[in-house]
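Participant: Dumping the structure here so I can ask a few things about it.
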Amino acid sequence: MRAFLILEDGTVFSGTSIGSAKEVISEIVFNTSMTGYLEVLTDPSYAGQAVVMTYPLIGNYGICHEDMESARPWPDGYIVRELSRRPSNFRSEDSIQHFLESYDIPGIAGIDTRALTKILREKGTMNGMITTDEDYKLEEILPKIKAYSPAGVVRKVTCQEKYILPGEGYKVALMDFGAKQNIARSLNERGCQVTVYPAYTAAEEILADDPDGIMLSNGPGDPKECTEIIAELKKLYETDIPIFAICLGHQLMALATGGDTYKMKYGHRGGNHPVKDLETGRVYISSQNHGYVVDTDSMDENTAVPAFVNVNDQTNEGLAYTGKNIFTVQFHPEACPGPRDSAYLFDRFLKMMEVAR
Amino acid sequence: MPKNPEIKKVLVIGSGPIVIGQAAEFDYAGTQACRSLKEEGIEVVLVNSNPATIMTDKDIADKVYIEPLTVEVLEQLIEKEKPDSVLPTLGGQAALNLAMELDEAGFLKSHNVKLIGTTPETIKKAEDRQEFKDTMEKIGEPCAPSTVVHDVEAGIAFADQIGYPVVLRPAYTLGGSGGGIASDEEELVEILSNGLRLSRVGEVLVERCIAGWKEIEYEVMRDGNGNVITVCNMENIDPVGVHTGDSIVVAPSQTLGDKEYQMLRSASLNIIDELKITGGCNVQFALHPESFEYCVIEVNPRVSRSSALASKATGYPIAKVAAKIALGYTLDEIPNAITGKTYASFEPMLDYCVVKLPRLPFDKFISAKRTLTTQMKATGEVMSICTNFEGALMKAIRSLEQHVDCLMSEDFTKASEEEIIEYLYRVDDRRIYVIAEAIRRGISYDVIHDITKIDNWFIDKIAILVEMENRLKTEPLTKELLAEAKRIEFPDTVIGRLSGKTGKEVKSLRNEYGIRAAFKMVDTCAAEFAAATPYYYSCFGSENEADGARKKKKVLVLGSGPIRIGQGIEFDFCSVHSTWAFSEAGYETIIINNNPETVSTDFDIADKLYFEPLTPEDVENVVELEKPDGAVVQFGGQTAIKLTEALMKMGVPILGTSAEDVDAAEDRELFDRILEDCCIPRPAGHTVFTCEEAIQAAENLGYPVLVRPSYVLGGQGMQIAISDQDIVEFIGVINRIAQEHPILVDKYLLGKEIEVDAVCDGEEVLIPGIMEHIERAGIHSGDSISVYPAQSISNKTKRVIEEYTRRLAKALHVRGLINIQFIVSNDEVYVIEVNPRSSRTVPYISKVTGIPIVKLATQVIIGSTIRELGYEPGLQPEADYIAIKMPVFSFEKIRGADIGLGPEMKSTGECLGIAKTFNEALYKAFLGAGINLPRTKKMIMTVKDADKLEAVDIGRRFAALGYKIYATRSTAKILNENGVKAIKINKLEQESPNLLDLILEHDIDLVIDTPNQGAAKSHDGFIIRRNAIETGVNVLTAIDTAKALVASLENREEGLTLIDIATVKNRTGE
């Protein structure tokens, strides 16, 4: 079946429908990872977005369910150049086609994903529609496409109830704004007991459980939309409990302490971004997925100073909070997909908890 | 960390002559690195014995020494030039080994010279088998169970313990020389004893055989600050068991999930960090196909063939960055030259698929075993880029120039199903064609996979190509079908063949349907950032992003494709210099080439690089977009020449000598007429088409005669026949390779072979110098020792040669380069071959005369005259030096290849000996080629009857040098009769101790074995030569070579004079 990707600027790509045949409007973003398509699909931070994979051959090693970063795929749509007709890997249990179908996620294959990526790079992230309706009328649908804005996505992806992943070591409270599973797994592997809280849990409730440390997770959407969460984070900031935050968590903590965030032209999504640890001068290759970023200039030096910077575009990649046991990063030390080079940050978090205890 | 201010003068060691396993990639890496160093204000001293390289140009380094790569020479050079540092990581294994020897001897320390790029400790940890194993164990990276042995008995004991099959890897050898898989004790003994001998330190690793596992490579970089990145990973389609240089390789890996990818990536970084490498490094893994178990196979702490491939596959200039790191920079300080925005501390992301195919020499060595093993055999490779795997594979196949253009090109249709199954077990260069045939027969993926261990994903891709063959055969050629066939890169000719149309009809159908090639950019970042570097590949069904807009005059330079015997790095040298000359003259330059090892495919050589197959259709796609003002074909070897006609049909003017005149030199009748008009004699000869005609012609001329096909390269198929029987045999061989062209039968003249390269501006001719071959006519010019200036011909003869060159160049209306081969016999000069294009000797003669003839030829093509360029036409005054070009062979790599020299070229590379005296130059040339005598002062002589008299003199001279001579019956007899003491030794079939035992005892320095030509050549001789080569004994098969060698030994002086080639000036001066 034919499918169309229609961008808000009126550009139309024509390809083949994959997954569900339903129509969807979403924000179109691109990811440059060459492997890890399943981890991308199941990363809750993509809620409210449709993802373009810039690598043209997707689905080569099929679906290995144990690699999922959450219980289901989150993107509204999936855009690829070519899906492998015969996945091959000893762990493969399913194909992408079937996986998308079973979660009712529409997609399009067979389009020039590089041309699409160049449009997004030049004009910035924009909205688009995936449809199988050959009789679409641009003048009717373009206003609808333009009107779309991802909203309420954290609420959509966070867990419904608190739950505990047992461990013998430090007690970590993980605030789930759309957490990838490897965050909890990384802490578990280091012996931590991880209690996962829904995003909108009150600070008091978390503090009542007396955690050794608090982990703020990644998640989707515009951080400024999360005003209620920011209010709770202010309270957590006031305690002496060590806090480590990733991605959305990092942005929310900055907003909670007087900083500002802004939307980037087309974001960072992929597994090859160099980030520099300003303390050591070492550069690490990181996994990234964000469309918003903390404005370094907006931070009061007495509150927090930059800890990591992106080597490519000098944007903020991490903050060290002055006089506090808090550090936050924009990138993903939990990897999955992508390089595991910055996993040492979890050890640093454990060290903080050790010192604080 | 900024540049280390203590580094001011760096000695860069090159890799020496091109041999299998060490080819053009090191010229590419070395050239890029030298430019990178000079950019930083470093004074660069370069040493490399290979004159065909671009890196040995005086504009690449400040001082250039084309000298033998030996410890003694390097020591002398360091004393002379006093560099503060040595950079050994760009010259392959050869340079690394030399650096290690210099360090181990304490020489570097005593002369206060640092090794930069890598430390001796690092080299040792990576290269020494035991240290490597211990290091891997320490950091928890698994290796296959293995042990290092120094003798055969220990090897047997260990193999008994871990069980057969076992893999054997000698330490410190290149291209896996001497390695192999042994499946029983007998094989173990054979391979192991050979490997022990080839290893510089006499050690071999015996390890568990992991054949059949996935072979995965990572190219990683590390700086002095400990920052690490991976540039690229690659997956070998051929599982472990085939040397990666002979494997079909795809980048990035296709069948690895993120978990496997990151696991091996982390392991690579872990390893490079532990080894403390500063620069580039290649890590090879074996990954179990059905678990996460893996083993580290090997680490190369230097740039390599794989790193050249990774650089071209991603756009990330590994050698350039490695050179900067050696100076002290960190990755985040080095800008990414492709994007101009990002830094070297990021990992390239591909949005396309890259396939590399090896160029194997079995078309040259018909008798050789085609089996692919852990010992590399490929002489070169091609790379292709497409948005899908099938397309990349199809493009790579037709880039090979081996008469293949699709998966039907090797015909197995006549084989039975049982035979196909049997063929699947054969691991050779035809395996993908066999798999395609198996799929056509309906043999299941699982059966194919079980036998070949090739991943089902790749088998499925081959199946997709096979399905397309069927659809094209059976379905109407609709727009959809044609678009799909083009998407997976079926060439128009193949589509035509399958659908019963001509290629031209398919092309016009495509035009009608609007199915056109589009060009995409290789930008290192999957379009995330705007890139400025115009490096393109083509694909179908996509939007074009290459801007063909015309800013100034455009010239298309056609490259020379994969390196093969007969067409080597020399033509890349010519293409690159021509490109630079056009650029200087204000042209926009466009290169099309498909060889990832070369300088010409570096991203900043031409204004635009199209990484494409060199077929008419692929070239036409570029032409339609770029609309060049002209194309230059005379620098790209036979590959480019073959495209002349197609280019003219596209309406592209051929710059320089016209196509008709090129043809005239190849067409026997036309050429005979020209010679007649010019009053130039040539050996009598005839053009024939059948065997009967050939025999008739031979009888007419009188034996011996030279038989060869027209329109071939490197003397392919050329033979000297001494009987009717030979003719029958040779014509049979010729008809297998080039049937549509006539066959030439010429009188074979015994005489001096002379070669000339010249530049002609249409009116006048500039001859930089005359070269003379040491071996008499009958041995291919590429395999002969060549001497400049010619030593043994009279001034009168030189004038005749000058005059003939002038006449021929004018008669052929040459604008640009011309190469002529002469025979001087009884003071008479005959012309035997004329090539109105660049030749193998062009870089050599340019360097030793100081006359930049490619540049001059290019300027002449653009419109200057020789006089306008400041040169007096005619034969130039001779230089003050004698320069000798010595061929270098890779016979030990190709099992079963006959090493006897003849009219068909067999050498893979060359080195130079340059000195004030003939004998010193000769000695240096032999030394550079690895013939470092004397050692044991024992030799074997067995010569054909015709050589016996000369053999006496040679034997006497060797004896005078203290050599003990063993000889076969008749040779011994004649030596002894003439007062040269020779010990008679039994022939092969006779009882021990015989000739073979003597060779296998490893006590012989040299074998002089001149085989009979033609059918009389004995099988014994073949076995002797093979065994000698495989046990590392020097073998000479031409009596003239032996004479030259003894002369060089007689005159061996202690200490050599080293000559900075950058100071060599032609006496007319610039």
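Chains as they are written, first to last, in the UniProt record's numbering: chain Y, 1 to 357; chain E, 1 to 1070.
Cβ coordinates follow ideal geometry from the N, Cα and C atoms, glycine included.
1) Apply the 10 Å Cβ neighbour rule to A1016 (chain E) and answer buried if 16 or more other Cβ atoms are within range, or exposed otherwise.
2) Excluding the 5 residues flanking K146 (chain Y) on each side, which residues of the same chain have their C-beta closer than 8 Å to its C-beta?
3) In this structure, how does DSSP classify A585 (chain E) when only helix, strand and coil are distinguished?
4) Mind listing, in chain order, the continuous alpha helix (DSSP H) runs of no fewer than 4 residues lying wholly within the region 285-372 of chain E?
5) Go ahead and label T805 (chain E) buried or exposed: buried means 16 or more other beta carbons lie within 10 angstroms of its beta carbon, across all protein chains shown.
6) With a 10 Å radius around its C-beta and 16 neighbouring C-beta atoms as the bar for buried, classify Y425 (chain E) as buried or exposed.
7) Rounded to a whole number of angstroms, what is the C-alpha to C-alpha distance between F958 (chain E) and V576 (chain E)?
8) I need the straight-line Cα distance from P88 (chain E) to H686 (chain E), nearest angstrom please.
9) With a 10 Å radius around its C-beta and 16 neighbouring C-beta atoms as the bar for buried, classify P653 (chain E) as buried or exposed.
10) Using only CA atoms, which one of E:V522, E:F132 and E:G548 lies nearest to M349 (chain E)?
11) What residue from E:I851, E:S311, E:I216 and E:I680 has the CA that sits closest to A286 (chain E)'s CA?
12) Per DSSP, which residues does E235 (chain E) bridge with? Please list them.
13) Enumerate, from N- to C-terminal direction, the unbroken beta strand (DSSP E) stretches of 3 or more residues contained entirely within the region 788-868 of chain E.
14) Quick one: grab the DSSP three-state call for A1016 (chain E).
15) Check whether the Cβ of H273 (chain Y) lies closer than 8 Å to any Cβ atom in chain E.
16) Assign E755 (chain E) to one of three DSSP states: helix, strand, or coil.
17) In chain order, which beta strand (DSSP E) runs of at least 3 residues are fully inside the UniProt domain "MGS-like" (931-1070) of chain E?
18) Quick one: is S345 (chain E) near chain Y, going by C-beta distance under 8 Å?
19) What residue range does the beta strand (DSSP E) around M129 (chain Y) cover?
20) Under 8 Å between the Cβ atoms of A202 (chain Y) and L236 (chain Y)?
21) Anything in the region 43-66 of chain Y with a Cβ closer than 8 Å to a Cβ of chain E? List those residues in chain order, please.
22) Between which two residues does the alpha helix (DSSP H) carrying H686 (chain E) extend?
23) Would you tell me roughly how many angstroms separate the C-alpha atoms of D604 (chain E) and D27 (chain E), rounded to the nearest one?
24) Just by C-beta distance, which residues in the region 81-105 of chain Y are closer than 9 Å to chain E?
25) Just checking, does the region 580-600 of chain E make contact with the region 297-316 of chain E on the three C-beta pairs under 8 Å criterion?
26) Name the residues in the region 347-374 of chain E whose C-beta lies less than 8 Å from a C-beta of chain Y; which are they?
27) For G1069 (chain E) and D62 (chain E), what's the separation of their Cα atoms in angstroms?
28) For L83 (chain Y) and I488 (chain E), what's the separation of their Cα atoms in angstroms?
29) When you compare the CB of N312 (chain Y) with every CB in chain E, is at least one pair closer than 8 Å?
30) Tell me the DSSP secondary structure of S14 (chain Y) in three-state form.
31) Under 7 Å Cβ to Cβ from I54 (chain E), same chain only, skipping five residues before and after it: list those, please.
32) Can you name the residues of chain E whose CB is closer than 7 Å to the CB of V283 (chain Y)?
33) Please list, in chain order, the chain E residues whose beta carbon lies closer than 8 Å to that of residue 358 (chain Y).
34) Report the three-state DSSP secondary structure of G391 (chain E) (helix, strand or coil).
35) Which residue's Cα is closest to the Cα of V153 (chain Y): Y:D300, Y:P44, Y:Q314 and Y:T54?
36) Nearest chain E C-beta to E69 (chain Y) closer than 8 Å, yes or no?
Facilitator: Quick answer:
1) Residue placement at A1016 (chain E) cannot be trusted, given a pLDDT of 47 that sits under 50; what the coordinates show is reported in the next sentence. So A1016 (chain E) counts as exposed.
2) Short of 8 Å from the beta carbon of K146 (chain Y), and not among the five residues preceding or following it, lie these beta carbons of its own chain, in chain order: E8 and N127.
3) In the three-state scheme derived from DSSP, where H, G and I count as helix and E and B as strand, A585 (chain E) is classed as coil.
4) If we require 4 residues or more, the alpha helix (DSSP H) runs fully inside the region 285-372 of chain E come out as 305-314 and 318-326.
5) The residue is buried, with at least 16 neighbouring Cβ atoms inside 10 Å.
6) Exposed, since its Cβ has fewer than 16 Cβ neighbours within 10 Å.
7) So the two alpha carbons sit approximately 44 Å from each other.
8) Looking at the two C-alpha atoms, the distance is approximately 53 Å.
9) Exposed: under 16 other Cβ atoms inside 10 Å.
10) Nearest option by C-alpha distance: E:V522.
11) Of the candidates E:I851, E:S311, E:I216 and E:I680, the one whose C-alpha sits nearest the C-alpha of A286 (chain E) is E:I216.
12) E:I216 and E:V250.
13) You should have 815-825 and 828-835.
14) With a pLDDT of 47 at A1016 (chain E), under the threshold of 50, the modelled position of that residue is not reliable, and the figure given next carries that caveat. Secondary structure at A1016 (chain E): helix, using DSSP grouped into helix, strand and coil.
15) Interface residue, yes.
16) E755 (chain E) sits in a strand when the DSSP states are folded into three classes.
17) Runs found: 938-943, 964-967, 1006-1010 and 1034-1036.
18) Yes, S345 (chain E) counts as interfacial toward chain Y.
19) The continuous beta strand (DSSP E) containing M129 (chain Y) extends over residues M126 to T131.
20) No, the pair does not count as a contact, with Cβ atoms beyond the cut-off.
21) So the list reads T54, Y55, P56, L57, N60, Y61 and C64, given in the order they occur along the chain.
22) Under the DSSP assignment, H686 (chain E) falls outside any alpha helix (DSSP H), being part of the beta strand (DSSP E) whose first and last residues are G685 to V688.
23) Here the C-alpha atom of D604 (chain E) lies approximately 15 Å from the C-alpha atom of D27 (chain E).
24) If the cut-off is 9 Å between Cβ atoms, the region 81-105 of chain Y has R81, E82, S84, R85, R86, P87, S88, N89, F90, R91 and S92 near chain E.
25) Output reads yes: the region 297-316 of chain E touches the region 580-600 of chain E.
26) Among the residues of the region 347-374 of chain E, those with a Cβ less than 8 Å away from any Cβ of chain Y are E347, P348, M349, L350, D351, Y352 and C353, in the order of the chain.
27) With a pLDDT of only 41 at G1069 (chain E), under the threshold of 50, the placement of this residue in the model should not be trusted, and no figure is reported.
28) Rounded to whole angstroms, L83 (chain Y) to I488 (chain E) spans 14 Å at the Cα level.
29) Residue-level contact by beta carbon holds for N312 (chain Y) and chain E, with a gap shorter than 8 Å.
30) Here S14 (chain Y) sits in strand by DSSP.
31) Counting only residues of its own chain and dropping the five nearest sequence neighbours on each side, I54 (chain E) has a CB closer than 7 Å to the CB of D27, T31, I60, F573, V576 and V599.
32) The contacting residues are N227, L331, D332 and S345.
33) Beyond the ends of chain Y as shown, which are 1 and 357, falls residue 358 (chain Y); an answer cannot be given.
34) Three-state DSSP puts G391 (chain E) in a helix.
35) Of the listed residues, the one whose Cα sits closest to V153 (chain Y) is Y:P44.
36) False, the Cβ-Cβ gap to chain E never drops below 8 Å.
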